[in-house]
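In the numbering used here, the protein residues as written are 86 to 151. The C-beta atom is built at its ideal place from N, Cα and C for all residues, glycine as well. Since this is a predicted model, take the numbers as computed values, not measurements. Below you'll find the structure, written out as structure tokens, and then a few comments.
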């Protein structure tokens, strides 16, 4: 994760669970401080890495990282 987005790698799957442009709500945890924040994100890129899906997420702001 970084100030404007993150990368999410799915479990093994043959079917794409989410498509590019989808808006999703995620709960991001900062393990060092044990704080979390719910963030509205958009899937900006979808690609494959072997039998897993890689999703690039974008958000406008993240209070845990800003």
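For residue 133, the three-state secondary structure derived from DSSP is strand. Note: residue 89 is not bridge-paired with any residue in the DSSP secondary-structure output. If the five residues before and after residue 121 are omitted, its C-beta is found closer than 8 angstroms to the C-beta atoms of 112, 113, 114, 115 and 149, all from its own chain and listed in chain order. Look at residue 126 here: in three-state DSSP terms it is strand.
Residue burial annotation: residue 126 is buried, with at least 16 other C-beta atoms found within 10 angstroms of its C-beta. In this structure, residue 105 sits near residue 128, with a CB-CB distance shorter than 8 angstroms.
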